[in-house]
Amino acid sequence: MKHPSIIQIRNDSIQTLLMKGEHTANEVINSAIESGEIDESDRQFWEKYNKVDICYFKAVPKPGYSAYYHESSKDVKGAFLATAVMVYW
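Position 23 of the sequence shown, counting from 1, maps to 22 under numbering that gives the first Met the number 0, and the rest follow consecutively.
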């Protein structure tokens, strides 16, 4: 089965699963496990998420990151609709 594009992003205060498209939190968590982005043993951690956002994001270069994802608008070139499941530290 082909998995939608999903990535895990971490910084000092938040951990995020970002999946292209509009999805439920459970769909994002399940896809992250199925794709190997996170382990099954991490499921309970992610099921206690603090926030879910469905909005447009844009990846931009930033020193120290392979890409930096920030909220954007759909009119911005390269922006994509995604679901973000977030856990605060």
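C-beta: ideal position from N, C-alpha, C; glycine also.
Predicted, not measured: the structure shown is a model, and the values here were computed from it.
Per-residue burial, residue i [other beta carbons within 10 Å of its own, 16 or more giving buried]
i, result
"Phe44", "exposed"
"Ala31", "buried"
"Ile5", "buried"
Contact set for residue i: own chain, Cβ-Cβ below 8 Å, skip 5 residues either direction
i, result
"Tyr55", "Glu70, Ser71, Ser72, Lys73, Val75, Ala78, Phe79, Leu80, Ala81"
"Tyr64", "none"
Test item: CB-CB of residue i and residue j under 8 Å
i, j, result
"Ile13", "Tyr68", "no"
"Val84", "Ile37", "no"
Member of the options whose CA lies at the smallest distance from the CA of residue i
i, options, result
"Val51", "Arg42, Ser4, Val86, Ile5", "Val86"
Close-in-space but distant-in-sequence residues of the same chain around residue i (CB under 6 Å, 5 per side omitted)
i, result
"His22", "Thr82"
"Trp88", "Ser12"
"Val59", "Tyr67"
Residue span of the beta strand (DSSP E) that contains residue i, given as start and end
i, result
"Ser65", "64-70"
"Val75", "Run containing Val75: none; DSSP gives neither H nor E here."
Beta-carbon contacts of residue i that lie in its chain and below 7 Å, excluding the five residues immediately before and after
i, result
"Glu46", "Ile28"
"Tyr48", "Ala24, Val84, Met85, Val86"
"Lys98", "This structure cannot speak to residue 98, because the chain is shown only from 0 to 88."
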